[in-house]
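Asks: Residue numbers (this note's numbering): 775 to 1709.
(1) The alpha helix (DSSP H) that contains residue 1470, what's its start and end?
(2) In the DSSP assignment, find the beta strand (DSSP E) that holds residue 914 and state where it starts and stops.
(3) Please confirm if residue 1202 has its CB atom under 8 Å from at least one CB of chain D.
(4) According to DSSP, which residues form a beta bridge with residue 1529?
(5) Taking Cβ positions, are residue 982 and residue 1011 nearer each other than 8 Å?
(6) Does residue 1231 come out as helix, strand or coil in the three-state DSSP assignment?
(7) Would a C-beta distance cut-off of 8 Å place residue 932 and residue 1328 closer than the cut-off?
(8) Entirely within the region 1327-1365 and at least 4 residues each: give me those alpha helix (DSSP H) ranges in chain order.
(9) Return the chain-ordered list of same chain residues with a C-beta closer than 8 Å to the C-beta of residue 1468, the five sequence neighbours on each side being excluded.
(10) Which two residues bound the contiguous beta strand (DSSP E) that contains residue 972?
(11) Quick one: what does DSSP say residue 1068 is sitting in, helix, strand or coil?
(12) Can you tell me whether DSSP reads residue 1002 as helix, strand or coil?
(13) Need the endpoints of the beta strand (DSSP E) that residue 1435 sits in, please.
(14) Would you tell me roughly how many angstroms separate the C-alpha atoms of residue 1009 and residue 832, rounded to the nearest one?
(15) Can you find the residues in the same chain that come closer than 6 Å, C-beta to C-beta, to residue 1160, ignoring five residues on each side of it along the sequence?
(16) What would DSSP say about residue 1213, mapped onto helix, strand or coil?
(17) Would you call residue 1632 buried or exposed, if buried means 16 or more other Cβ atoms sit within 10 Å of its Cβ?
(18) Can you tell me where the alpha helix (DSSP H) with residue 1142 in it begins and where it stops?
(19) Helix, strand or coil for residue 1163, going by three-state DSSP, please let me know.
(20) Within 8 Å, do at least three Cβ pairs link the region 1583-1590 to the region 1636-1647?
(21) For residue 1535, does the three-state DSSP call read helix, strand or coil?
(22) How would you call residue 849, buried or exposed, if buried means at least 16 neighbouring beta carbons within 10 angstroms?
(23) On the three-pair Cβ rule with 8 Å, is the region 1552-1559 touching the region 1520-1536?
(24) Residue 1054 and residue 939 look like a contact to me (Cβ under 8 Å); what is the Cβ gap, rounded to whole Å?
(25) Which class does residue 1369 belong to by DSSP, given the choice of helix, strand or coil?
(26) Smallest Cα separation from residue 1056: which of 826, 1042, 852, 1195?
(27) Taking C-alpha atoms, which residue in 929, 1661, 1164, 816 lies nearest to residue 1453?
(28) Taking 8 Å as the threshold, find out whether the region 1341-1348 comes into contact with the region 1485-1503 through three or more Cβ pairs.
(29) Return helix, strand or coil for residue 1010, following the three-state DSSP convention.
(30) Curious, which full-length beta strand (DSSP E) runs of at least 3 residues does the region 1552-1629 contain?
(31) What are the boundary residues of the beta strand (DSSP E) that includes residue 994?
(32) Per DSSP, what are the beta-bridge partners of residue 747 in this structure?
(33) Quick one: what's got a C-beta closer than 8 Å to residue 1325's C-beta in the same chain, skipping five residues either side?
(34) Exposed or buried, which one is residue 1348 when buried takes at least 16 other CB atoms within 10 Å?
(35) Considering residue 959, what are the terminal residues of the alpha helix (DSSP H) in which it resides?
(36) How is the beta strand (DSSP E) around residue 1656 delimited, first residue to last?
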């Protein structure tokens, strides 16, 4: 129907329409925030629908990172400030190709760093500039344990954030596919969903304008059909003719019958999107398992490297100790040097300055002492001008000035240099490992991060204080100077003068102090028997697996071997304790005797007959009861100086014996501690038995998330074959539509259209179909390959796990044997000459290799245990991302309160020294108590 209006009315309407067109920008659409939040709501709902299986639960869906994260963005996500830009590239944002660019780039502000400026606040560091090094190097994160490392990873890991975003993007794509099958507003043709105004101004007059506005909806049906309905109003104005309007209602239904027909085609994109989101959710669950495994493995390897460095440092300490011993032996061996001299000049006389340095006898000119000064050389050459004497003297000087080092020392120095180089490289590698670990956590490599060493505490086979005692004893001996060294045993050597009284007094007092501290270490070693007995009490020949997380035994023979070895440890401990008690008593007596102001007062206190000599009968009874190992018995009267010399020699001998006692304690302690190192049992949830190889393979095939996805991907490829085959069919679409005139109905109409196209030009579709067939076969093979790879990986980890378990038992014995080997050789029991040098080098190497193998095999076992649970797909993680395994849930760690008292386990160890009450210090071979009966 057409309506005529006056010219003035039309002009008013045109003005109103123009005004409406001017304010349209105010209704240009919803804000960025609205669309972002709408997308997030739809996306999170889609994700939550896929988290219905506990095997792929994910505690986090939010796209927003933790506020503590380095990459958290604290600014408005829809209008963030500009990040720092490259200066050379930034100029093109203001002027490009001579054309002025957008003026308001910086309207939202600028930041000085791409990082979250607040992430450093918990570490009390402020980032005052855009230089990240300035702030990162001040960050200190000390004593990071595994749980804290995992927490840092979830906060800062870029890879984890990427996986969260991948899930989000998959869900976002799904919301689009769902929208495609929902009712939609139709924005085509012109005017639908808004307005369309067009005006014409012909040159011959007859101005006109047309306004179209309307609204339409459409719905795509699951079987491929499409329903659409729309209402359109057309208002037309022509100059001189007035204005008219023509509303209309249109509808249509289209249904493909061949090509693009059917639910399998129409719903394919939605089906694939739904499945893709499920795949991504499972990939996230798999990623979390892999992430924990990688962090834990890196953490374990850091612990291993740190322990290897400790082992290397201890090995270097042992080498240095043996070098000192070798050089001291050299000094004694080469203190006396002789050259042939047939006749000593008759008119020559040895000067007073060389009386204790030069002797002549048996046709040899002999020099006593390890050094020769320039003055002594001049005095020696001045004895006689005779050519024979001068030649002998020159030869003697040359021999004395030539440093003589035996083969053992030379080989030890070479080994020392090699070990020091290796240690430097190991420290460098540890720093590199730590930097890589920081990157794994998402932290800058220049932050100061240290690792908690709880995991490697069981591998501290020898207490650090006990290790330091040998160094203290050796350093103490060197500080006293040559005057405190025992007299040389070289025949013909002159007797040393008596030591300085105050120096000897200080020497003995210091030895007493060291002795008292060794008593503490003796008690510590005694306590090391406690956890061993705890392990033995928790097991029996019928039950080799303890309920607590203690060491388990593989066989009855293995348990019996431990009982036998611990009995030997107890025997050795008692022998050491007896020897220590003897030395302790001797030192206390010496110290008490020297509590005088001078040697004269000592003589005065002991001398009973007033002859200024000390007779055997004048010594206190305690002196006569001293063991011969500590003090040479006095059989005749001695002067005060001679008495001090005997005390000096005995004290120095006791220092060396204390060194051997400490070394013996190290052997006992290492043997005890190595027996309590526990392997975490490889058992499945709800079972105490180790699963067999085929069982773990079946579990992996049924539970691996990536294998589930790969299996489903084969079906995806199979469906795509059907979709590609459908495209080969002819096109046959039936469309039914109509128009309705709301005003009169005279123009109502209904139309039926049949659209048919023969499949003639199908080369592209043919190629797509053949490619789909090939892709399907490839995906079948890829799935089989992945399945085989999973089987291989699980089987390999299982075998390595079993091997590492057996290797660790061998390592325990190797550590014991190598410690005994070194102690035997170092104490002089390895033979002499070059053979002893080789034995010593082999012993030192064996100790280091055994210690490193022990920690290496333990770490390898635990790493493979992690890997096999990851590869089986049954590694259940707590909300913090830590494996719900007893070992990694730190609240379950055993404490000292769980351990029974020492006296409850080893009644024989109730005394301070571990000796029976009827054992005396004079017994050369104390009775060795039998190890308490073990069930």
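From the three backbone atoms N, C-alpha and C, an ideal C-beta is built for every residue, glycine too.
Replies: Let me spell this out:
(1) Against the chain shown, residue 1470 aligns to sequence position 696. Per DSSP, residue 1470 belongs to the alpha helix (DSSP H) from 1467-1477.
(2) For the purposes of this step, residue 914 is identified with residue 140 of the chain shown, where counting begins at 1. From DSSP, the beta strand (DSSP E) with residue 914 extends over 914-918.
(3) Going by chain labels, chain D is absent from the structure shown, which holds only one protein chain.
(4) On the chain shown, position 755 is the one that residue 1529 refers to. According to DSSP, residue 1529 bridges with 1507.
(5) What you label residue 982 is simply residue 208 of the chain shown in a count that begins at 1. What you label residue 1011 is simply residue 237 of the chain shown in a count that begins at 1. Yes, the Cβ-Cβ distance between residue 982 and residue 1011 is below 8 Å.
(6) Numbered from 1 along the chain shown, position 457 holds the residue referred to as residue 1231. If DSSP states are grouped into helix, strand and coil, residue 1231 belongs with the helices.
(7) Within the chain shown, the letter at position 158 stands for residue 932. Within the chain shown, the letter at position 554 stands for residue 1328. Contact flag unset, no.
(8) none
(9) Here residue 1468 is taken as the residue at index 694 of the chain shown, counted from 1. Around residue 1468, the same chain offers no residue with a beta carbon nearer than 8 Å, after the five sequence neighbours per side are excluded.
(10) Numbered from 1 along the chain shown, position 198 holds the residue referred to as residue 972. From DSSP, the beta strand (DSSP E) with residue 972 extends over 968-974.
(11) The residue labelled residue 1068 in the question sits at position 294 within the chain shown. DSSP, reduced to helix, strand and coil, places residue 1068 within a helical segment of the structure shown.
(12) Counting from 1 along the chain shown, the entry for residue 1002 is found at position 228. Taken through DSSP and simplified to helix, strand or coil, residue 1002 comes out as strand.
(13) As a first step, residue 1435 is located in the chain shown; it is residue number 661 there, counting from the start. Where residue 1435 is concerned, there is no enclosing beta strand (DSSP E), although the alpha helix (DSSP H) it sits in stretches over 1414-1449.
(14) For the purposes of this step, residue 1009 is identified with residue 235 of the chain shown, where counting begins at 1. For the purposes of this step, residue 832 is identified with residue 58 of the chain shown, where counting begins at 1. Using only the alpha carbons, I get a separation of about 57 Å.
(15) Working through the chain shown from its first residue, we reach residue 1160 at position 386. If we look at residue 1160 and ignore the five residues flanking it on each side, its Cβ neighbours are 1119.
(16) On the chain shown, position 439 is the one that residue 1213 refers to. DSSP places residue 1213 in helix when its eight states are reduced to three.
(17) As a position in the chain shown, residue 1632 is number 858, starting the count at 1. Result: buried.
(18) As a working note, residue 1142 is residue 368 in the chain shown. Careful: residue 1142 lies outside any alpha helix (DSSP H), inside the beta strand (DSSP E) at 1138-1142.
(19) Start at 1 with the first residue of the chain shown, and residue 1163 comes out as number 389. Reduced to three states, the DSSP call for residue 1163 is helix.
(20) no
(21) As a first step, residue 1535 is located in the chain shown; it is residue number 761 there, counting from the start. Coil, per DSSP.
(22) Taking the chain shown and counting its residues from 1, one reaches residue 849 at position 75. Exposed.
(23) They do not touch, by the three-pair rule.
(24) Stepping through the chain shown from its first residue, residue 1054 is reached at position 280. Stepping through the chain shown from its first residue, residue 939 is reached at position 165. Not really, about 10 Å apart at Cβ, beyond 8 Å.
(25) For the purposes of this step, residue 1369 is identified with residue 595 of the chain shown, where counting begins at 1. Coil at residue 1369, not helix or strand.
(26) Along the chain shown, read from residue 1 onward, the residue named residue 1056 stands at position 282. With distances taken between Cα atoms, residue 1056 lies closest to 826.
(27) In the chain shown, the residue the question calls residue 1453 occupies position 679. Selected option, being the one with the closest Cα: 1661.
(28) At 8 Å Cβ cutoff, the stretches do not touch.
(29) Translated into the one-based positions of the chain shown, residue 1010 becomes position 236. Strand.
(30) None, since the region 1552-1629 contains no complete beta strand (DSSP E) of that length.
(31) In the chain shown, residue 994 corresponds to position 220, counting from 1. First-last of the beta strand (DSSP E) with residue 994: 982-994.
(32) Past the boundaries of the shown model lies residue 747; the chain is included only from 775 to 1709, so the question cannot be answered.
(33) Within the chain shown, numbered from 1, the residue matching residue 1325 stands at position 551. Around residue 1325: 1309, 1449, 1450, 1451, 1452, 1453.
(34) On the chain shown, position 574 is the one that residue 1348 refers to. Under this definition residue 1348 is a buried residue.
(35) One-based indexing of the chain shown puts residue 959 at position 185. Careful: residue 959 lies outside any alpha helix (DSSP H), inside the beta strand (DSSP E) at 958-960.
(36) Working through the chain shown from its first residue, we reach residue 1656 at position 882. Premise fails: residue 1656 is in no beta strand (DSSP E) and is neither H nor E.
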